[in-house]
Amino acid sequence: MSYFSEAEAAIIAVFSTIDEDDPDDPGTGLLTGVAVDKSGQILVIDSDMAEVKVFTDDGQMTGSFGRGVLKSPWDIFTTSSGKIVVSDPGKGDIKVFSSHGKFLTTSDAAYHLIEPYGMAYNHVTKEMVVTDKGTSSVYVHNPSGIVTDVLKVRDGEKQSTFLFPSYVTMDRHNRVYATDASKHSLFVFDAKRQFVFKYGSEGGGENQLQHPAGVCVDHHGNILVADLENSRIHLLDANGEFRDFLLTWEDGISEPMAMTFDNQGHLVVTEASTGVVKVYNYELLLSKYENPQS
């Protein structure tokens, strides 16, 4: 079986988020964030519509929320208690909604933020990590919203700064992974918030990225990076070594932006400008590789 047929066979669902019955929907579908709640619903940020759209796991739209409250939302996660948290760089803050989409409050963690973009949440420690374009920083917050760390990067032997930290995730070992769209790189930090390694440089070859976006880590420890403008997803081992391209434009992926795993371990990917969400049987995709990291 060719890899193309494997990738094609791994598709579980493909659905459009564009609401053809809504005259206000421009039909562009800038899908910047995605999360899956406890019930398995897929929550998708449509930044053009300034709202969160809610879908069943097979792509049926069941509702939306946030319009009129959000200005230009970007990323999303759900807390252990089921609350929905949305970053809004347009308003320079972070909004908290109930599990049913009712606006509750603005996060206490937002006081120091200018343009919060990516977010990650540790369900064990209740820590929240936020990337902020306005301050070119990545902040770690404790459960009370107090900043406990500001992550520092290294470029070679020199200490450097982020330029446009865009997306971030955490793994089960409490490591932090942040992409920088302007540096075309992924930066990784250990549980003590010390810089570990950088992956990527600008370009279209192996080990190269062009405005990287979403990042996530699978249960094997493999790292997935959405290579937005190259229309592909990089698969790295736990040490940041390039393994292969998990998906490319030849497999039908176009400008992958946000990624997450659903409650069954399926990979959910949003496309930046098509208004489409794709759900993959991740283990089937990974079966191309004989020795997955563990």
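The sequence shown stops at residue 294 when you use UniProt numbering, and every number in between is there.
Using N, Cα and C, we set each Cβ at its ideal position, and we do this for glycine too.
Model, not experiment: these values are computed from the prediction.
Give me the residue from the options with the minimum Cα distance to residue i.
i	options	result
residue 141	128, 46, 150 and 151	128
residue 222	112, 237 and 55	237
residue 273	30, 6, 22 and 18	30
residue 269	6, 219, 57 and 163	57
residue 164	171, 154, 183 and 153	183
residue 239	6, 277, 177 and 83	177
residue 42	197, 263 and 73	263
residue 107	38, 125 and 84	84
residue 248	209, 219 and 218	209
residue 69	60, 89, 81 and 80	89
residue 162	81, 172 and 180	180
residue 149	63, 195 and 61	195
residue 39	78, 74, 22 and 219	78
residue 242	252, 92, 289 and 267	289
residue 187	131, 109 and 265	131
residue 135	227, 92 and 20	92
residue 219	251, 265 and 202	265
residue 172	124, 34, 36 and 252	124
residue 59	251, 254 and 36	36
By the 10 Å Cβ neighbour count, where 16 or more other Cβ atoms means buried, how is residue i classified, buried or exposed?
i	result
residue 295	Lying outside 1 to 294, the shown extent of the chain, residue 295 is not represented and no answer is given.
residue 294	Residue confidence for residue 294 is low, a pLDDT of 46 falling below 50, so the modelled location carries little weight; the figure read from the coordinates is stated next. Residue 294 should be labelled exposed.
residue 230	buried
residue 200	buried
residue 175	buried
residue 98	exposed
residue 138	buried
residue 167	buried
residue 8	exposed
residue 146	exposed
residue 153	buried
residue 66	buried
residue 244	exposed
residue 185	buried
residue 81	exposed
residue 133	buried
residue 55	buried
residue 104	exposed
residue 277	buried
residue 192	exposed
residue 121	buried
residue 20	exposed
residue 202	exposed
residue 22	exposed
Would you mind giving the Cβ-Cβ distance between residue i and residue j, rounded to the nearest angstrom? I have them listed as a contact below 8 Å.
i	j	result
residue 18	residue 214	Not really, about 20 Å apart at Cβ, beyond 8 Å.
residue 32	residue 47	5 Å
residue 14	residue 45	Between residue 45 and residue 14 the Cβ distance is about 18 Å, and since that is not below 8 Å, they are no contact.
residue 340	residue 280	With the chain covering only 1 through 294, there is no way to say anything about residue 340.
residue 234	residue 224	7 Å
residue 340	residue 96	Within the shown structure, residues of the chain are numbered from 1 to 294, placing residue 340 beyond reach of any answer.
With which residues is residue i paired in a DSSP beta bridge?
i	result
residue 280	11 and 267
residue 227	212 and 232
residue 24	DSSP, once it has assigned bridges, lists no residue as partnering residue 24.
residue 141	128 and 147
residue 31	46
residue 302	Lying before the first or after the last residue shown, residue 302 is absent from the chain, which here runs from 1 to 294.
residue 202	209
residue 95	86 and 106
residue 76	86
residue 119	130
With a cut-off of 8 Å, does the C-beta of residue i fall near any C-beta of chain B?
i	result
residue 114	Among the protein chains of the structure shown there is no chain B, as only one such chain exists.
Check whether the stretch 13-26 touches the stretch 282-290, counting contact only when three or more Cβ pairs, one atom from each stretch, lie closer than 8 Å.
With the cut-off at 8 Å, the stretch 13-26 and the stretch 282-290 do not touch.
- Query: Between the stretch 113-122 and the stretch 142-154, do at least 3 Cβ pairs fall closer than 8 Å?
  - Reply: No: the two stretches stay apart, fewer than three of their Cβ pairs being nearer than 8 Å.
Three or more C-beta pairs closer than 8 Å, one from the stretch 49-64 and one from the stretch 244-261: is that the case here? By the criterion of at least three beta-carbon pairs nearer than 8 Å, the stretch 49-64 is not in contact with the stretch 244-261.
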